[in-house]
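Position 159 of the sequence shown, counted from 1, bears residue number 159 in my numbering, the numbering being contiguous throughout.
Where a beta carbon is used, it is the ideal one built from N, C-alpha and C, also for glycine.
Here is the structure we will look at.
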Amino acid sequence: MKYRSVTLAGATIAHGNHKVADCPNVSLLPIASCPRGVPCAGQCYDVKACRMYPTVKRARQRNWKAARTNPAAYFAGIRQYLAKYQPEYFRWHVGGDIPDQAYYRTMCAIAREFPDVYFLAFTKNHKLDFRGRPQNLNIVLSMWPGWGNSRKRMPRAWMQDGSESRIPDSAIQCSGSCEHCGICWFLKAGQDVWFKKH
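So, in C-alpha cells, the structure goes:
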C-alpha cells in the first residue's frame, strides 16, 4: 500500500505509512533532531528509510529546516492539516525526535487547540520538562538497553535486543500492529510496552 503526503505551509505530513497504517504523521530528520549520544544512532531504522526512499528523506529535510528556520510556518502547516482533515489520531515523529523545549511547548499548544485529536510521540529526549501536558497528548519515553531515565514517571517503551534486564514484568509486548492495537496512545505513567529490535 502506498501512502501519500501533503505539504501545507511549512510542513509535509504523511497520511500514513507501513508502520502506523493510516495514521497521519509528521517527521523530522533523524539523528539531526535527536539528542546527542542516543544509542540507536548507528542503527536507526529511519536513516535506512531515508536511504531507501529519497522522497521520505526530502520530506524529513524540509520539515527539519522549516522547524529550525521558520517554526511559525512549520507548525501552521500542521494546524492547517488538522483543521482540514480532522483526524482522530496524529503521530509526531515516526522519524526524528522532539528537538527542544520550545518545540515541545508548541506540540502541547496544538494538542490544546485540537482537543478531539489524540496525539502521540515517542522520545529519547528525556531531559525535557513534560509537566502540564494536555491529556490528549501522550509522550512515551524510549528506553534502550542500559540507557534511558528509568526513574522518570512517564509511560515507557523498551527496546529488547536480548540484553535489557530492566523491563518490568508487567510490560506489554508490542504486537507490531499499530493499526489493530493502539495501546501506546493511552499508556499512563508506570505503564510500559516493549519492542523487539527492528
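Who are residue 5's beta bridge partners in DSSP?
14
Determine the DSSP secondary structure at residue 65, reduced to helix, strand or coil.
helix
Tell whether a beta-carbon distance below 8 angstroms holds between residue 64 and residue 96.
yes
Residue from 104, 82, 61 with nearest C-alpha to residue 139:
104
Roughly how many whole angstroms lie between the Cα atoms of residue 161 and residue 83?
40 angstroms
So is residue 1 buried or exposed if we call it buried at 16+ other beta carbons inside 10 Å?
Residue placement at residue 1 cannot be trusted, given a pLDDT of 42 that sits under 50; the coordinates are not used to answer.
Should residue 175 go down as buried or exposed, given a rule of 16 or more other Cβ atoms within 10 Å for buried?
exposed
Checking the sheet assignment: what are the DSSP bridge partners for residue 121?
92, 139
Continuous alpha helix (DSSP H) stretch holding residue 186: start and end
Neither: residue 186 is in no alpha helix (DSSP H) and is coded neither H nor E.
In terms of residues, what are the limits of the beta strand (DSSP E) holding residue 196?
192-196
What is the residue span of the alpha helix (DSSP H) that residue 160 lies within?
Element bounds for residue 160: not the alpha helix (DSSP H) but the beta strand (DSSP E), 156-160.
For my contact list, residue 40 and residue 194 are in at a C-beta cut-off of 8 angstroms; report their separation, rounded to the angstrom.
Going by Cβ atoms, the distance from residue 40 to residue 194 rounds to 15 angstroms, so no, they are not a contact pair.
Out of 9, 23, 4, 7, state which residue places its alpha-carbon closest to the alpha-carbon of residue 181.
23
Test item: CB-CB of residue 199 and residue 123 under 8 angstroms:
Since the first residue shown for the chain is 1 and the last is 198, residue 199 is missing from the structure and cannot be characterised.
By alpha-carbon positions, which one of 170, 25, 43, 9 ends up nearest to residue 118?
25
In three-state terms, what does DSSP make of residue 56?
helix
Taking DSSP's pairing of strands, which residues face residue 25 in a bridge?
14, 91
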